[in-house]
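Participant: Just so we're aligned, residue 9 is where the sequence shown starts under the working numbering, counting upward by one. Just so it is clear, CB atoms sit at the ideal spot from N, CA and C, and this is done for glycine as well. Because the structure is a prediction, the values reported are computed rather than measured. This is the structure I have questions about; it appears just below.
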Amino acid sequence: MQRIVCFVSGSATLKVVFGVLALVVATTPLVYIIEAPERDRARDHLKWLVLVDASGRPGGGGAVREILEDFNRRGSKSLAGLRLREKDLAGLQLPEAALVRVDFSGTVLAGANFSRADLSNVVLDGGNLRAANLSQARLPGATARNVDLREANLSRIDGHEVDFSGADLRGANFNEAYLYMASFRSADLTGVRLGMTLASGGRYRGTDMTAAMSGGPDLRLADFTGARLAGADLTAALLEGNRFTRAILNGASLRGAQLRQADFTGAQLKDSDLTRAQLNGSILREADLAGATLTGADLSGADLANARLDAAVVGRVDWFKWLTELALPPVRITEIASQWRVIESQASNGQTRFVIQANRQPAAASTANSN
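Take a look at the structure:
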């Protein structure tokens, strides 16, 4: 045995062999670490191929969801420009993701999380984003036509020029959203709060109230043509120049709203509250204002031609005379005043109010005229 040990220790060849083995053992972990990025790139490439393959056919929701969330979590791959149409990606978690120009047409994204994500020019047409979280997301130029966005969180989004045509937005949260020039044509916003809220803990009078309002979205030049806004809260909303042609706003609150130059042609505003609304230069042709409250509303230069004013509530019994004496009276107000009159009425609380009624020609006079 001693001879064997001496032979081994004295053999130069075996020393070299053992040295090589020791080097291999020592360097194997290092080689593995060095090659790790290459392996990750290969693995990411395979995952990307799965996404590309999935873009050409429906289905594959589970695998796609896992890959997208992994890429976003590691920030290892740009997700811009993907086509992910008609898939079930409910509950997808992609906060702060870069999703520019991604096509989600017809995809189920109910309960998904896109908070603070970049969704510029994304396509969501026909999809389901019910209860999805898009808080603080960027959506400029996005299309969301005929999308289910009920109860979605759209607070503080950058949504300028977003197309929400035909979308179901009931129960959605638009708190402090930027919606400049957005389109809501034929969208359903029934009961949605799009107005401002009064800051708590204070008392305000007159113009002081405007400064005390906060929390509403920026809706300048947004298009609400044919939209359903029954019961919506647009209190103190900035809606100058907006289009509400044929929109349904029955029972909506527009108290103190800025509606200069707005177009309400053919709109339904029955029982709406327009108290102190700024309607200077607005178009109310053929609008249905039956039962609406117009107390303190500014109608300077407004067009009320063929508007229905039955049972509308105003602030004074000589309201029509007062309108004719404005520096800029409503269009053809003298002709309109001949068709309507204001009478005193008792409200349910016992207070006196002033209500508009149609002027009806006495029966005798009508008979005489017919002869």
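Does DSSP classify VAL131 as helix, strand or coil?
Facilitator: Strand at VAL131.
Participant: Tell me whether GLN276 is buried or exposed, calling it buried when 16 or more other Cβ atoms sit within 10 Å of its Cβ.
Facilitator: Flag for GLN276 reads buried.
Participant: Using only the alpha-carbon positions, how far apart do ILE364 and ASP126 sit?
Facilitator: Roughly 51 Å between the two C-alpha positions.
Participant: Go ahead and pull the three-state DSSP assignment for THR332.
Facilitator: THR332: helix per DSSP, three-state reduction.
Participant: On a Cα-Cα basis, can you pick out the residue from ARG268, TRP330, GLY299 and MET189 that is closest to ASP311?
Facilitator: Answer by Cα proximity: ARG268.
Participant: Compute the Euclidean distance between the alpha carbons of LEU251 and LEU227, then round it to the nearest angstrom.
Facilitator: Here residue 251 is Arg; the residue named in the question, Leu, does not match the sequence. Rounded to whole angstroms, ARG251 to LEU227 spans 11 Å at the Cα level.
Participant: Which residues mark the beginning and the end of the beta strand (DSSP E) in which ILE291 is found?
Facilitator: Looking at the DSSP string, ILE291 is not in any beta strand (DSSP E), and its letter there is neither H nor E.
Participant: Can you list, in chain order, the residues of its chain with a C-beta nearer than 6 Å to that of ASP133? Leave out the 5 residues immediately preceding and following it.
Facilitator: Cβ within range, chain order: SER113, THR151 and ARG153.
Participant: Mark ASP61 as exposed unless 16 or more other C-beta atoms lie within 10 angstroms of its C-beta, in which case mark it buried.
Facilitator: Classification of ASP61: exposed, given that the 10 Å Cβ count is below 16.
Participant: Note down the Cα distance separating LEU331 from LEU147, rounded to an integer number of angstroms.
Facilitator: Going by the C-alpha atoms only, they are around 43 Å apart.
Participant: By Cβ distance, which residues of its chain are closer than 8 Å to THR198, with the 5 residues on each side in sequence left out?
Facilitator: Answer for THR198: ARG178, ARG236, LEU237, ALA238, GLY239 and ALA240, listed in chain order.
Participant: Thinking just about the alpha-carbon of each residue, which of VAL131, ASP306, ASP196 and GLU184 is nearest to the one in LEU162?
Facilitator: When each option's Cα is compared against that of LEU162, the closest is GLU184.
Participant: Does the beta-carbon of HIS53 have 16 or more other beta-carbons within 10 angstroms, so that it is buried, or is it exposed?
Facilitator: HIS53 is exposed by the Cβ-count criterion.
Participant: Considering only the beta carbon of each residue, do ASP6 and SER191 sit closer than 8 Å?
Facilitator: Absent from the model: residue 6. The displayed extent of the chain is 9 to 379, so no value can be given.
Participant: Span of the beta strand (DSSP E) holding PHE362?
Facilitator: Where PHE362 is concerned, the enclosing beta strand (DSSP E) stretches over 360-366.
Participant: Name, in chain order, the residues that DSSP records as bridge partners for ALA260.
Facilitator: DSSP, once it has assigned bridges, lists no residue as partnering ALA260.
Participant: Thinking C-alpha only, which one of VAL322, GLU294, SER143 and GLY149 is nearest ALA285?
Facilitator: The residue with the shortest Cα to Cα distance from ALA285 is VAL322.
Participant: Taking its Cβ as the centre, do 16 or more other Cβ atoms sit within 10 Å of THR360, making it buried, or is it exposed?
Facilitator: Exposed, because fewer than 16 other Cβ atoms sit within 10 Å of the Cβ of THR360.
Participant: Taking the C-alpha atoms as reference points, what is the distance between THR115 and GLU169?
Facilitator: C-alpha separation (whole angstroms): 22 Å.
Participant: Leaving out five residues before and five after ALA319 in sequence, what residues of the same chain have Cβ atoms less than 8 Å from its Cβ?
Facilitator: The answer, listed in chain order, is ALA298, GLY299, VAL363, ILE364 and GLN365.
Participant: Cβ of LEU117 within 8 Å of Cβ of LEU90?
Facilitator: Their beta carbons are not under 8 Å apart, which means LEU117 does not touch LEU90 by this criterion.
Participant: Measuring straight from C-alpha to C-alpha, what distance separates PHE182 and ARG193?
Facilitator: Near 17 Å, if we compare the C-alpha coordinates of ARG193 and PHE182.
Participant: By Cβ distance, which residues of its chain are closer than 7 Å to ARG124, with the 5 residues on each side in sequence left out?
Facilitator: For ARG124, where only same-chain residues beyond five positions count, the Cβ hits under 7 Å are PRO103, GLU104, GLN144 and ALA145.
Participant: Applying the criterion that 16 or more other CB atoms from any shown protein chain within 10 Å of the CB defines a buried residue, is SER353 buried or exposed?
Facilitator: By the 10 Å Cβ count, SER353 comes out exposed.
Participant: In terms of alpha-carbon separation, which member of ALA175, SER290, SER261 and ALA244 lies closest to GLY234?
Facilitator: It is ALA175.
Participant: Taking 8 Å as the threshold (C-beta atoms), are ASP281 and LEU262 in contact?
Facilitator: A contact, by the Cβ cut-off of 8 Å.
Participant: Along the beta strand (DSSP E) that carries VAL200, what are the first and last residues, could you check?
Facilitator: Note, VAL200: premise wrong, no beta strand (DSSP E); not H, not E.
Participant: For ILE75, report the span of its alpha helix (DSSP H) as first-last.
Facilitator: Unbroken alpha helix (DSSP H) run through ILE75: 69-82.
Participant: Determine the direct distance from the alpha carbon of SER86 to that of GLN101, and round the result to whole angstroms.
Facilitator: Cα-Cα distance, rounded: 16 Å.
Participant: Give me, in chain order, the residues of the same chain whose beta-carbon lies closer than 7 Å to that of ARG73; leave out the 5 immediate sequence neighbours on both sides.
Facilitator: Once the five neighbours on either side are set aside, the close Cβ partners of ARG73 are LEU97 and LEU100.
Participant: For the putative contact between VAL108 and ALA140, defined by C-beta atoms under 8 Å, what is the C-beta separation to the nearest angstrom?
Facilitator: Actually they are not in contact, since the Cβ atoms of VAL108 and ALA140 sit about 18 Å apart, beyond 8 Å.
Participant: When you compare each of ARG164, ALA230, ASP231 and ARG93 to VAL130 by their alpha carbons, which one comes out closest?
Facilitator: Of ARG164, ALA230, ASP231 and ARG93, the residue nearest in Cα terms is ARG93.
Participant: The alpha helix (DSSP H) with ILE344 in it runs from where to where?
Facilitator: 341-345 is the span of the alpha helix (DSSP H), which, as asked, contains ILE344.
Participant: Bridge partners of ASN136, per DSSP?
Facilitator: Paired residue(s): VAL116 and ASP156.
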